[in-house]
Amino acid sequence: MSLLEVDAIDTYYGDAHTLFGVSLRVEQHEVVALLGRNGAGKTTALKTIMGVIAPRRGAIRFAGEPIQGLPPYKIARRGVQLVPDERRIIGGLTVEENLVLAGLTAAERWSLERIYAMFPRLQERRRQRGRELSGGEQQMLAIARALVREPRLILLDEPFEGLAPLIVQDLLGVCRTLAQEGRTIVIVEQNVHAALALAQRCYILNNGHLVYEGTPAGLRAEGELMHRLLGV
Amino acid sequence: MLVAMGLTIIFGALGVVNFAHGSFYALGAYAGVVAYERTGSFVAAMAAGALSLLLVGILVERVLIRLYYNRPKEDQILVTFGAAIVLVETLRALFGGLAQRLPVPSWGEGAVNLGATFYPTYRVQVLGIVACALVILYLVLYRTRLGLIVRAGIEDQLMVNILGINVTRTFLTVFGLGAMSAGFAGVINGPIVTVTPDMGADVLVQSFVVIVIGGVGSFWGALVGGLIAGEILSLTAMIAPAYSQVMLFAAMALVLILRPQGLFGVQGRQ
Amino acid sequence: MSGATRSARDPRALLPELAVAIGLLLLPFILPHLGGTIDLAQRILDWGLFGLGFDILFGFTGLLAFGQAAFFGAGGFVAAYLLTAPYTDNALLALVAGTVVAAALGTVIGLLSLRRAGIYFAMLTLAFGEMGYFLDISPLAAWTGGENGIAGVPTPRLALGPWALDLATPMATYWLLAVLFFLGFWLAHRIIGSPFGLVLRAIRDNEARASAVGHDVQKYKLAAFVIAAAYAGLAGGLLGLLQGYMPPDAFYLDTSGQLVVQTVIGGAGTLIGPLVGATVWLYLYTVLQTVVNLGSLGKLLLGLIFVVLVTVLRGGICGGVVLLWHRLRRAPAPVEPPIAAPAAAPAGPADAMPVRQRAACDGPIVLRAEGLTKRYSGLVAVDGVAFELAEGEIRAVIGPNGAGKSTFFNMLASVIPASTGEVHFRGERITGLDVARVCQRGLAKSFQINQLFTTLTVRDNVLIAALARYGGRFTPAMLRDVHGIAALAALTDETLAAVQLADRAGTKVAALAYGEKRRLEIGIALATRPSVLLLDEPMAGMSPIERADTVRLLKRIAQGISIVIVEHDMDVIFELADRITVLYNGRKIAEGTPEAIQADPQVRAAYLGSPVDHELA
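Residue numbers (my numbering), protein chains in the order written: chain A, 25 to 256; chain B, 6 to 275; chain C, 28 to 644.
Right under this line is the structure:
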């Protein structure tokens, strides 16, 4: 049984049809990349899994249990966490408060020491307000915040967007560590090479349809396909 | 000022403009009157005012407000305005329109010598009580889990939801607390102002002025706004008493035009 | 009341006026049998008149004002003062004076209050209303009688030139009120059905879009506000006359609140809603008072009715009647739009994908941007982008996520201001102009998320845009019938045909399929007769069939218009675009023909991430 099964979901924003019968699965301990140009529906897919939007058709199962239609907080309590593409750090709270907030309703949670051990820069800034952090630091906080709840599935939405290459390297390192620890991750990224470097499997969305399923190696081998679906 | 605090938190956290807040104030005063008549204890009256409104607030949220989170703001104004009418008229039906008496408690009688003038003891005590209440409110907001959730929720409700927190349950609590602060204010103001069913209307309008000046959704804003409003009233009362209320509204209009988010306003993500 | 597409000449258009006239004639004869009095009838009409203006403001323009008492009181006290001072014994003159003063006050308060919107506007009007009350009670008490009001207002004497008429009996005063209400209703009805009125309704439905198609929204709102104030002033003056006494409670918050409650109970947006609501309120009060002696419960009951109506039947009593009517006629209620219905493409030559030659792109430059930059605190979203669009060209703007495409696009369209840089349209500098002015010059935009006028028909949606083109930023035409203007109708029909919605012209927006809504979205922009059209992700949310239809549509309309399109669908872009501009991290990194862009290594790196940067050990 896959940890996450997305079964032919159709998602609408109002009456704009954004996902058309999309199916995918994620096994435990896997890192899966969800690729596609922007507008393809990748963020919509993650939001649907997290319960931010309910799919109009289809089903989503997490550890065998259906979760489509549940509110986000219930899905979070089952062990799914989303790191949204706008990061959405609570600017008015301090770094430490952001982390504490994340752990409030968690059955098991990371201690602050453990978080700071993994993200020393956050410890330096623990009393600073979220809005005072740089883009890279905010992204780090967003990922750290997601980890606090000891999630079984992490959904990363464009973690490297808008960040300087050095910061991206740092974050890649963090993600690699998480992957090596055996965490299950779905990563949505436009930076295809970074995503493929992390993932064991990948999917490609185009205009709301799922058009490719395979492995990074397989995708790299089909260079033209890659350029057609992901490039220009 | 306490009333304004409750209002600004409700609006900031829930995004709901509560036109019924004045009626909560009135309800609190009446609950206090009833409790005092039954028990003769002012403390009991204070407790009654606060707790009854906690219940009423939770009830109103559960039954009514909850239906309106996704409706346009105008509709929220309309329904809370209507709820206010219902509450006030219920009070009028139960108690009649004549003023009720909530006497100054025994420990508040007399006057205090403040150097230049004598000032009624009770009013000084009220200042003290309000200050305490504000401190408690501050502690709740900044030192408790609930307060953390409320402050986060004011900024980004959805993210709080994603972090596993049942925001709807929090709404209930927030609305209840906001109502409670209004009810408590109603009781302690009872001995100072006349207790009538309509006592909430003026307070509501003044609360709007306070939160507009101070900024919506901000604790400090309501505080500073309240101080400024109080100052305007006192100063103009000395200079040109006929215009004192008018000046308050002129100040509100000025702020709304020049700096609509108020002095300390928080721009939340709706 | 006036969504119908009938010309003013059609006698059926006068049906509402006829119904009102009949009602007014019969009321004083029916009411006594139901326990009412002439006095009650007078008050009902007075509130109805008060409500006509308010409904124009609230029901039709969507502005919830809580301070109408200020104008009601102002008009009333001016009229009463003039009659009791006495400066005149002509009631008509006094009423006119009161109305004018109220309108002037409305202009001042409107200018101040309308600087903010929504709840802040409501709170501002509330504050000004209260200010009116406190001014009346204290500083101006010498003129207004303070808490006592003005007593001894004489029975109305109407003088017009050589003729004078004394209205000695209550019935006579009733007829005065009836005539004034009828006239007020006729005027309000004309206003709503006029071009001016259509724009008001557009503002209510989607203010941002009304502005985007070229209307000066602030002027319209102010005009509506002043109209409401004038009606209020007239009603206030009449109150003094029919009571013989002008009470200070005309200024109460309660009065403003009662107006709002009555309007919502009766039904906002119907013109007679306030009258119906006033009937319910005042009648219920009277009945409860005299019959059951429970007068004090009247307001409680009304409050409960109000809360229930707002929650479940927002259209009030009139709205409920309309729903019932639909159900009884078994007319299909507004339905769920059909899922993914393909465009009603007529079979024939239009069906085949039009072949479009790539434009030469060597014509005059119609849209030019220099050094366009947008900075948010700490973040540079768009950095010094230069851009030139040739006449007749179709240009696509693409780029990976976060490239700054939407920001750049919104700066071109004047939706957001640029931090630095200039935008020129046909040689004229348009940087910093508001979006309505820019649209008037011929630069129109269609939105990624549909911005339609949701309660109106397809025809009216397009008509609103055409009206901006035809009438400019503000049209004071309040008495013409908007559907009777030939030039406008022609423009509208042309546009509807161009987007293939001619057969859906009478349908309300809510009943359209998504693809149809998208076409309407483009149609609205098209109706402003732009020379440059900016399309923001026109394919958003479309199924493959709808995409193909839209591409066809765009190729057709591209004759004679220059287009800039932001899109992600590469197939569509390659079909349509003459040239492509690529943005990455806020900068332009490439520009050229689709083939050139496809082969550009920098573009590839931008989209896929350069392997060099992210090699892992």
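Think of the CB as a built atom: it goes at the ideal place given N, C-alpha and C, for glycine as much as any other residue.
It should be emphasised that the depicted structure is a prediction, and the values quoted were computed from it without experimental measurement.
For this session: Please report the Cβ distance between ALA463 (chain C) and LEU560 (chain C), rounded to the nearest whole angstrom; I am assuming they are in contact, meaning their Cβ atoms lie under 8 Å.
Result: Residue mapping note: residue 463 (chain C) aligns to position 436 of the third sequence, counting from 1. Residue mapping note: residue 560 (chain C) aligns to position 533 of the third sequence, counting from 1. The Cβ separation is near 17 Å, so there is no contact.
For this session: Return the residues of the stretch 176-195 of chain A that lie within a Cβ-Cβ distance of less than 9 Å from chain C, sorted by chain order.
Result: Flagged, chain order: GLU182, PHE184, GLU185, GLY186, PRO189, VAL192 and GLN193.
Problem set entry | Proximity test, Cβ basis, 8 Å: GLY568 (chain C) and chain A | The residue given as residue 568 (chain C) occupies position 541 in the third sequence. At least one CB atom of chain A sits nearer than 8 Å to the CB of GLY568 (chain C).
Exercise. In three-state terms, what does DSSP make of ARG80 (chain A)?
Worked result: Taking the first residue of the first sequence as position 1, residue 80 (chain A) is located at position 56. Looking at ARG80 (chain A) - three-state DSSP - the assignment turns out to be coil, as it is neither helix nor strand.
For this session: Measure the alpha-carbon distance for LEU553 (chain C) versus THR522 (chain C) and round it to whole angstroms.
Result: In the third sequence, residue 553 (chain C) corresponds to position 526, counting from 1. In the third sequence, residue 522 (chain C) corresponds to position 495, counting from 1. Just so you know, the alpha carbons of LEU553 (chain C) and THR522 (chain C) end up roughly 7 Å apart.
For this session: Please check the pair ALA187 (chain B) and HIS26 (chain B), which I expect to be a contact at CB under 8 Å, by giving their CB distance rounded to whole angstroms.
Result: Here residue 187 (chain B) is taken as the residue at index 182 of the second sequence, counted from 1. Here residue 26 (chain B) is taken as the residue at index 21 of the second sequence, counted from 1. About 5 Å separates the CB atoms of ALA187 (chain B) and HIS26 (chain B); that is less than 8 Å, so the two are in contact.
Exercise. How is THR201 (chain B) classed by DSSP in three states: helix, strand or coil?
Worked result: By 1-based counting over the second sequence, the position of residue 201 (chain B) is 196. DSSP places THR201 (chain B) in coil when its eight states are reduced to three.
Problem set entry | Pairwise C-alpha distance: ALA32 (chain A) and ALA256 (chain B) | Position 251 of the second sequence holds residue 256 (chain B). Position 8 of the first sequence holds residue 32 (chain A). When rounded, the distance between both Cα atoms is 58 Å.
Exercise. Going along the chain, which residues of the stretch 56-69 of chain A sit with their C-beta nearer than 8 Å to a C-beta in chain C?
Worked result: Flagged, chain order: ARG61, ASN62, GLY63 and ALA64.
Problem set entry | Contact between the stretch 98-110 of chain A and the stretch 177-196 of chain B (3+ Cβ pairs under 8 Å) | The stretch 98-110 of chain A makes no contact with the stretch 177-196 of chain B; the number of CB pairs closer than 8 Å stays below 3.
Exercise. By Cβ distance, which residues of its chain are closer than 6 Å to ARG149 (chain A), with the 5 residues on each side in sequence left out?
Worked result: Stepping through the first sequence from its first residue, residue 149 (chain A) is reached at position 125. Within the same chain, and ignoring the five residues on either side of ARG149 (chain A) in sequence, the residues whose Cβ sits closer than 6 Å to its Cβ are VAL119.
Exercise. List, in order along the chain, the chain B residues whose C-beta lies closer than 8 Å to that of ALA12 (chain A)?
Worked result: This structure gives no information on residue 12 (chain A), because the portion of chain A shown stretches from 25 to 256.
Problem set entry | Euclidean distance between Cα positions of ARG468 (chain C) and PRO557 (chain C) | Looking up residue 468 (chain C) in the third sequence gives position 441. Looking up residue 557 (chain C) in the third sequence gives position 530. Going by the C-alpha atoms only, they are around 8 Å apart.
Exercise. What residue from C:ALA413, C:ILE230 and C:PRO628 has the CA that sits closest to ALA492 (chain C)'s CA?
Worked result: Position 465 of the third sequence holds residue 492 (chain C). Relative to ALA492 (chain C), the option among C:ALA413, C:ILE230 and C:PRO628 whose CA is nearest is C:ILE230.
Exercise. Does DSSP put ASP31 (chain A) in a helix, a strand or coil?
Worked result: Taking the first residue of the first sequence as 1, we reach residue 31 (chain A) at position 7. Strand, per DSSP.
Exercise. Is GLN163 (chain A) helix, strand or coil when you go by DSSP?
Worked result: Mapped onto the first sequence, residue 163 (chain A) falls at position 139. Looking at GLN163 (chain A) - three-state DSSP - the assignment turns out to be helix.
For this session: Going by CA-CA distance only, name the one from C:ILE443, C:ALA396 and C:ARG422 that's closest to ARG1 (chain C).
Result: Any question about residue 1 (chain C) goes unanswered here, given that chain C covers just 28 to 644.
Problem set entry | Pairwise C-alpha distance: GLY145 (chain C) and ALA129 (chain C) | Locating residue 129 (chain C) in the third sequence gives position 102, where the first residue counts as 1. Locating residue 145 (chain C) in the third sequence gives position 118, where the first residue counts as 1. Taking C-alpha positions only, ALA129 (chain C) is separated from GLY145 (chain C) by approximately 23 Å.
Problem set entry | Backbone secondary structure at GLU397 (chain C) - three-state DSSP | If you number the third sequence from 1, residue 397 (chain C) lands on position 370. Of the three classes helix, strand and coil, the one that applies to GLU397 (chain C) here is strand, per DSSP.
Exercise. How about VAL229 (chain B) and GLY219 (chain B): are their beta carbons less than 8 Å apart?
Worked result: Residue mapping note: residue 229 (chain B) aligns to position 224 of the second sequence, counting from 1. Residue mapping note: residue 219 (chain B) aligns to position 214 of the second sequence, counting from 1. Between VAL229 (chain B) and GLY219 (chain B), the CB-CB gap stays under 8 Å.
For this session: Can you tell me the Cβ-Cβ gap for LEU76 (chain C) and LEU265 (chain C), rounded? I've got them flagged as a contact below 8 Å.
Result: As a position in the third sequence, residue 76 (chain C) is number 49, starting the count at 1. As a position in the third sequence, residue 265 (chain C) is number 238, starting the count at 1. About 7 Å separates the beta carbons of LEU76 (chain C) and LEU265 (chain C), which is inside the 8 Å limit, making them a contact pair.
Exercise. To which residues of the same chain is ALA68 (chain C) closer than 7 Å at the C-beta, ignoring the five residues directly before and after it?
Worked result: As a position in the third sequence, residue 68 (chain C) is number 41, starting the count at 1. Residues LEU54, PRO55, LEU58 and TYR201 of the same chain have their beta carbon placed closer than 7 Å to that of ALA68 (chain C), with the five preceding and five following residues left out of the count.
Problem set entry | 7 Å Cβ shell around ALA305 (chain C) - same chain, five flanking residues per side excluded | As a working note, residue 305 (chain C) is residue 278 in the third sequence. Counting only residues of its own chain and dropping the five nearest sequence neighbours on each side, ALA305 (chain C) has a CB closer than 7 Å to the CB of ILE71, TRP74, GLY75, GLY78 and GLN289.
Problem set entry | Where TYR147 (chain B) falls, given that 16 or more other Cβ within 10 Å makes a residue buried | Position 142 of the second sequence, counted from the first residue, corresponds to residue 147 (chain B). Exposed, because fewer than 16 other Cβ atoms sit within 10 Å of the Cβ of TYR147 (chain B).
Exercise. In three-state DSSP terms, what is MET25 (chain A)?
Worked result: Position 1 of the first sequence, counted from the start, is the residue given in the question as residue 25 (chain A). Shown here, MET25 (chain A) sits in coil according to DSSP, grouped into three states, outside any helix or strand.
Exercise. Looking at the structure shown, is GLU156 (chain A) part of a helix, part of a strand, or coil, going by DSSP?
Worked result: Indexing the first sequence from 1 puts residue 156 (chain A) at position 132. It is helical.
For this session: Could you check what DSSP says for VAL424 (chain C) in three-state terms: helix, strand or coil?
Result: Within the third sequence, the letter at position 397 stands for residue 424 (chain C). Three-state result, VAL424 (chain C): strand.
Exercise. If we call anything under 8 Å between Cβ atoms a contact, is VAL76 (chain A) one with LEU234 (chain A)?
Worked result: By 1-based counting over the first sequence, the position of residue 76 (chain A) is 52. By 1-based counting over the first sequence, the position of residue 234 (chain A) is 210. Pairing VAL76 (chain A) with LEU234 (chain A) gives a Cβ-Cβ distance that is not under 8 Å.
For this session: Would you identify the three-state DSSP class for GLY230 (chain B), choosing helix, strand or coil?
Result: On the second sequence, residue 230 (chain B) is found 225 positions in, with the first residue counted as 1. The answer is helix: DSSP assigns GLY230 (chain B) an H, G or I state.
For this session: Put TRP112 (chain B) into one of helix, strand or coil per three-state DSSP.
Result: Here residue 112 (chain B) refers to the residue found at position 107 when the second sequence is read from its first residue. Helix, per DSSP.
For this session: Give every residue of the same chain whose Cβ lies closer than 6 Å to the Cβ of ILE588 (chain C), excluding the five residues on either side of it in the sequence, and list them in chain order.
Result: As a first step, residue 588 (chain C) is located in the third sequence; it is residue number 561 there, counting from the start. Taken in chain order, the residues that qualify are LEU560.
Exercise. If you count every other CB in all the chains shown that lies within 10 Å of the CB of VAL335 (chain C), and 16 or more means buried, which is it?
Worked result: Taking the first residue of the third sequence as position 1, residue 335 (chain C) is located at position 308. Classification for VAL335 (chain C): exposed.
Exercise. Going by other Cβ atoms of all chains shown within 10 Å of its Cβ, with 16 needed for buried, is VAL68 (chain B) buried or exposed?
Worked result: Position 63 of the second sequence holds residue 68 (chain B). VAL68 (chain B) should be labelled exposed.
For this session: Check whether the Cβ of LEU261 (chain B) lies closer than 8 Å to any Cβ atom in chain C.
Result: In the second sequence, the residue the question calls residue 261 (chain B) occupies position 256. Judged by the 8 Å Cβ criterion, LEU261 (chain B) is in contact with chain C.
Exercise. Using a Cβ-Cβ cut-off of 6 Å (strictly less than) and excluding sequence neighbours within five positions of LEU153 (chain C), which residues of its own chain qualify?
Worked result: For the purposes of this step, residue 153 (chain C) is taken as the residue at position 126 of the third sequence. Correct list, in chain order: PHE93 and GLY94.
Exercise. Using the rule of at least 16 other Cβ atoms within 10 Å of the residue's Cβ for burial, across every protein chain shown, is MET150 (chain C) buried or exposed?
Worked result: The residue labelled residue 150 (chain C) in the question sits at position 123 within the third sequence. Buried, by the Cβ-count rule.
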